[in-house]
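The listed protein sequences derive, respectively, from chains A and B.
According to the working numbering, the stretch in the first sequence is residues 270 to 482, in order.
According to the working numbering, the stretch in the second sequence is residues 551 to 825, in order.
Here a beta-carbon is modelled for each residue, glycine too, at the ideal position from N, C-alpha and C.
Heads up, the thing below is written out as structure tokens.
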Amino acid sequence: MSFKLFELLLQASIYTVTISVVSILIGFAIAILLSGMLLSQRSHLMLPARIFISFFRGVPLLVQLLLIYNLLPVIGINVPSIVAAIIGLSLCTAAYQAENLRGGFASVPTGLVESAEMVGLSPSQIFRRIKVPIALRLTFPALVNEAILILKASSLVSVVGIVELTRMAQDLAGSTFLPLQLFASAGLIYLVINWIVALAGGLIERRLPGVPR
Amino acid sequence: MKKNSLLKGLVGAAFLFGATLSAHAADTLAAVKAAGTLKVGTETAFAPFDFIDAGEHAGLNVDLFAEIGKELGVKIEWVALPWDGVFPALEAGKFDIVAGPATITKKRMERYRFTPPIAEATIAILKKAGDKTITKPEDIAGKKIGVGKATSQLDQLKEFSDTLPTKAEIREYPAFTESYADLAAGRIAGVANSLPNIAFVAKQREGTFEVVLPPFGKKSYFGFIGLKDADHAPLMDAVDAALLKIKADGRMAALQKKWFGASFDTPDSIKDPAF
Numbered sequence: 270m271s272f273k274l275f276e277l278l279l280q281a282s283i284y285t286v287t288i289s290v291v292s293i294l295i296g297f298a299i300a301i302l303l304s305g306m307l308l309s310q311r312s313h314l315m316l317p318a319r320i321f322i323s324f325f326r327g328v329p330l331l332v333q334l335l336l337i338y339n340l341l342p343v344i345g346i347n348v349p350s351i352v353a354a355i356i357g358l359s360l361c362t363a364a365y366q367a368e369n370l371r372g373g374f375a376s377v378p379t380g381l382v383e384s385a386e387m388v389g390l391s392p393s394q395i396f397r398r399i400k401v402p403i404a405l406r407l408t409f410p411a412l413v414n415e416a417i418l419i420l421k422a423s424s425l426v427s428v429v430g431i432v433e434l435t436r437m438a439q440d441l442a443g444s445t446f447l448p449l450q451l452f453a454s455a456g457l458i459y460l461v462i463n464w465i466v467a468l469a470g471g472l473i474e475r476r477l478p479g480v481p482r
Numbered sequence: 551m552k553k554n555s556l557l558k559g560l561v562g563a564a565f566l567f568g569a570t571l572s573a574h575a576a577d578t579l580a581a582v583k584a585a586g587t588l589k590v591g592t593e594t595a596f597a598p599f600d601f602i603d604a605g606e607h608a609g610l611n612v613d614l615f616a617e618i619g620k621e622l623g624v625k626i627e628w629v630a631l632p633w634d635g636v637f638p639a640l641e642a643g644k645f646d647i648v649a650g651p652a653t654i655t656k657k658r659m660e661r662y663r664f665t666p667p668i669a670e671a672t673i674a675i676l677k678k679a680g681d682k683t684i685t686k687p688e689d690i691a692g693k694k695i696g697v698g699k700a701t702s703q704l705d706q707l708k709e710f711s712d713t714l715p716t717k718a719e720i721r722e723y724p725a726f727t728e729s730y731a732d733l734a735a736g737r738i739a740g741v742a743n744s745l746p747n748i749a750f751v752a753k754q755r756e757g758t759f760e761v762v763l764p765p766f767g768k769k770s771y772f773g774f775i776g777l778k779d780a781d782h783a784p785l786m787d788a789v790d791a792a793l794l795k796i797k798a799d800g801r802m803a804a805l806q807k808k809w810f811g812a813s814f815d816t817p818d819s820i821k822d823p824a825f
């Protein structure tokens, strides 16, 4: 397999990484909002969040992507492929991340919160200084996991017309008849990307407050 | 239960809203000219019409649409999807026309509008080079034969297979390129596709693949596809006129020669397809 082919795979993996990173970040922002709604104890906030989460966790990502790409134009919103891909991945990962965050916040020991109240910290101080650092610390490994899952799931966005790493490998295999070499290379590129994500995740995790050394 | 009915309500509302919106859509040709871009949907796994040649989108469609773009005075923007996603996306308005191309069939003509034919689509078998067990189309009886999912070639193959003493074992693939890969790997005995396609594949991979002649079944043709509604009529009329002009001045024959090694005699329009 020529270097030219490997170079094309690397170029396509830029789409894989960009779409995944943007989706993880947007998904995280939505997840914060959703987990806030879930923890609010108010049914008019909890219900929409629950419906959102059960839909995006319950429907396969492939179906979600096809729905966003083909159904949104029916209601008058015609988005380009790249936007449809990012919307699909973001909403899907938001549902999972929201559940992770909710679990993180729910696991903050009540004793700690009560002690903070005793020494006179305000609710917003307790939220910023106690709850967020502990919840973030507890959910960080799950967040890294989710990033890796989304990187791999991004191979599905080819159904809305994005030529990312997997699709490029398929296209090149179709015209060069070197499926073995191409798919092995694509696998290697995914492995390296996810290894970097895991490594970076480990480095950040060690610098988070409250980690036993 | 409550969630379910709410979801159903939402989806229903979305459809109703969409139906009213599309009723007010404008003349597509005017929109295309105003934007200066014709959006063309296709699948990049259908050599030599559409494929990725060392990373570049190439093929007869790309060249033909470049000429159509010149005639209409617009740029061409490509959207590449898996084949079974192309028609839903056309109906959702993701692009203005499909460069597929697709075999002109009765069933498709009920729902879509075809351009004049751009090539012959009669089906034939591709086998592994040197496979002595298949020397004529009838030899595929009882063998594993690959074909594209949701293609007219699948229908043509089924119809032919039903006439054999033992039916062929038909394997459907998301794209033809995957079936060629399986043929090369020996997982299937042959691939049924239109003659221009398999002739190109056999030429590209001499020594790996061979074409089983003659083509079988009824004569059919490839055309590009658009929507049938009034909004798309002016655009489709304009593309038809451009294609007929490209055919009349010999550009079409030259492109067919470039991509198939031979040019085809095609009718100017198909009223009553064989399938």
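CB-CB under 8 angstroms to Ile-618(B), same chain, minus the five flanking residues each way: which ones, in chain order?
-> Take Ile-618(B), set aside five residues on each side of it, and the residues of its chain with a beta-carbon closer than 8 angstroms to its own are Leu-588, Ile-626, Val-789, Ala-792, Leu-793 and Ile-796, in chain order.
Mind checking the segment 276-309 of chain A against chain B and listing, in chain order, the residues whose C-beta falls within less than 7 angstroms of any C-beta there?
-> Of all residues in the segment 276-309 of chain A, Leu-277 have a Cβ within less than 7 angstroms of some Cβ in chain B.
Is the beta carbon of Ala-725(B) less than 7 angstroms from the beta carbon of Gly-430(A)?
-> At least 7 angstroms separates the beta-carbon of Ala-725(B) from that of Gly-430(A).
is_contact[Leu-631(B), chain A] using C-beta, thresh 7 angstroms = Interface criterion met: the Cβ of Leu-631(B) is under 7 angstroms from a Cβ in chain A.
Completely contained alpha helix (DSSP H) runs for the segment 576-639 of chain B, where each covers 4 or more residues | Fully enclosed alpha helix (DSSP H) runs of 4 or longer: 578-585 and 610-622.
Listing by chain order, which chain B residues have their CB less than 9 angstroms from the CB of Gly-443(A)?
-> What Gly-443(A) touches in chain B: Thr-594, Ala-595, Ala-597, Phe-601, Ile-602, Ala-725, Phe-726, Thr-727, Glu-728, Tyr-730 and Ala-731.
Closer than 9 angstroms, Cβ to Cβ, to anything on chain A: give me those residues from the segment 746-761 of chain B, in chain order.
-> So the list reads Gln-754, Arg-755 and Thr-758, given in the order they occur along the chain.
Any C-beta of chain B under 7 angstroms from that of Pro-448(A) | Yes, Pro-448(A) lies at the interface with chain B (some Cβ there is under 7 angstroms from its Cβ).
Coarse secondary structure for Ser-572(B), derived from DSSP in three states | For Ser-572(B), the predicted structure reports a pLDDT of 48, less than 50, and the residue's modelled location is therefore unreliable. A value from the coordinates is still provided. DSSP places Ser-572(B) in helix when its eight states are reduced to three.
Residues that Pro-638(B) contacts on chain A, provided the C-beta gap is smaller than 7 angstroms | What Pro-638(B) touches in chain A: Asn-339.
Return the CA-CA distance between Glu-692(B) and Trp-633(B), expressed in angstroms with no decimal places.
-> Contrary to the premise, residue 692(B) reads as Gly rather than Glu in this sequence. For Gly-692(B) and Trp-633(B), the distance between alpha carbons rounds to 27 angstroms.
Taking three-plus beta-carbon pairs below 8 angstroms as touching, is the segment 297-314 of chain A in contact with the segment 460-474 of chain A?
-> The segment 297-314 of chain A is not in contact with the segment 460-474 of chain A.
Could you have a look at Ile-775(B) and say whether DSSP puts it in helix, strand or coil?
-> Here Ile-775(B) carries a strand assignment [DSSP, helix/strand/coil].
Closer than 7 angstroms, CB to CB, is Thr-734(B) near chain A or not?
-> The question names Thr, yet the displayed sequence has Ala at residue 734(B). It does: the Cβ of Ala-734(B) has a partner Cβ on chain A nearer than 7 angstroms.
Any C-beta of chain B sitting closer than 7 angstroms to the C-beta of Val-461(A)?
-> With 7 angstroms as the cut-off, Val-461(A) does not count as an interface residue toward chain B.
Residue burial classification, Phe-772(B) (beta-carbon count within 10 angstroms, cutoff 16) = With a threshold of 16 other beta carbon atoms within 10 Å, Phe-772(B) meets it and is buried.
Rounded separation between Pro-392(A) and Gln-333(A) - CA only | Between Pro-392(A) and Gln-333(A), the C-alpha separation is close to 39 angstroms.
Residues of the segment 393-413 of chain A whose Cβ lies closer than 8 angstroms to any Cβ of chain B, in chain order | Among the residues of the segment 393-413 of chain A, none has a Cβ less than 8 angstroms away from any Cβ of chain B.
What are the residues of the segment 639-667 of chain B that lie near chain A, defined by any Cβ-Cβ distance shorter than 9 angstroms?
-> So the list reads Ala-639, Glu-641, Ala-642, Gly-643 and Lys-644, given in the order they occur along the chain.
For Asn-339(A), the three-state DSSP class (helix, strand or coil) = In the structure shown, Asn-339(A) adopts helical secondary structure according to DSSP, grouped into three states.
Is it the case that the Cβ atoms of Ile-775(B) and Ala-671(B) are separated by a distance below 7 angstroms?
-> Taking 7 angstroms as the Cβ cut-off, Ile-775(B) and Ala-671(B) do not qualify as a contacting pair.
Output yes if chain B places a C-beta closer than 7 angstroms to the C-beta of Pro-317(A); else output no.
-> False, the Cβ-Cβ gap to chain B never drops below 7 angstroms.
Find the residues of chain A that neighbour Gly-605(B), judging by a C-beta separation of less than 7 angstroms, and give them in chain order.
-> Result: Leu-277.
Could you confirm whether any beta carbon from chain A is found closer than 7 angstroms to the beta carbon of Gly-586(B)?
-> So no, Gly-586(B) is outside the interface.
Roughly how many angstroms separate the alpha carbons of Thr-435(A) and Pro-478(A), rounded to a whole number?
-> Rounded to whole angstroms, Thr-435(A) and Pro-478(A) show a C-alpha spacing of 38 angstroms.
Cut-off 7 angstroms between Cβ atoms - residues of its own chain near Phe-275(A), not counting five sequence neighbours on either side | So the qualifying residues of the chain are Ser-454.
What in chain B is Cβ-close to Gly-430(A), meaning under 7 angstroms?
-> Result: Val-629, Ala-630 and Leu-631.
Can you pull the chain A residues whose beta carbon is under 9 angstroms from the beta carbon of Gly-635(B), in chain order?
-> For Gly-635(B), the C-beta contacts it makes with chain A under 9 angstroms involve Leu-335, Tyr-338, Asn-339, Val-428, Val-429 and Gly-430, in order along the chain.
In chain order, each alpha helix (DSSP H) run of at least 4 residues that lies wholly inside the segment 338-389 of chain A | DSSP runs (the alpha helix (DSSP H)) wholly in the segment 338-389 of chain A: 350-375 and 379-387.
Assign Lys-553(B) to one of two classes, buried (16 or more other C-beta atoms within 10 Å of its C-beta) or exposed (fewer than that).
-> Interpretation of Lys-553(B) is limited by its pLDDT of 46, a score under 50 that renders its predicted location unreliable; the figure taken from the coordinates is listed afterwards. By the neighbour-count rule (16 or more Cβ atoms within 10 Å), Lys-553(B) is not buried but exposed.
Gly-609(B) and Phe-599(B) closer than 7 angstroms at C-beta | Yes, Cβ-Cβ distance for Gly-609(B) and Phe-599(B) is below 7 angstroms.
Beta-carbon separation (whole angstroms), Arg-398(A) vs Leu-308(A), contact threshold 8 angstroms | Distance from Arg-398(A) to Leu-308(A) at the Cβ level is roughly 17 angstroms; contact not present, criterion being Cβ atoms closer than 8 angstroms.
For Gln-439(A), count neighbouring C-beta atoms within 10 Å of its own C-beta (all shown protein chains included) and say buried if the count is 16 or more, exposed if not.
-> Buried, because 16 or more other Cβ atoms sit within 10 Å of the Cβ of Gln-439(A).
Determine the direct distance from the alpha carbon of Lys-656(B) to that of Gly-821(B), and round the result to whole angstroms.
-> Looking at the sequence itself, residue 821(B) is Lys, so the reference to Gly does not match. Just so you know, the alpha carbons of Lys-821(B) and Lys-656(B) end up roughly 9 angstroms apart.
Buried/exposed call for Met-786(B), threshold 16 Cβ in 10 Å | Classification of Met-786(B): buried, given that the 10 Å Cβ count is 16 or more.
Reduced DSSP category for Thr-683(B) - H, G, I as helix; E, B as strand; rest coil | Reduced to three states, the DSSP call for Thr-683(B) is coil.
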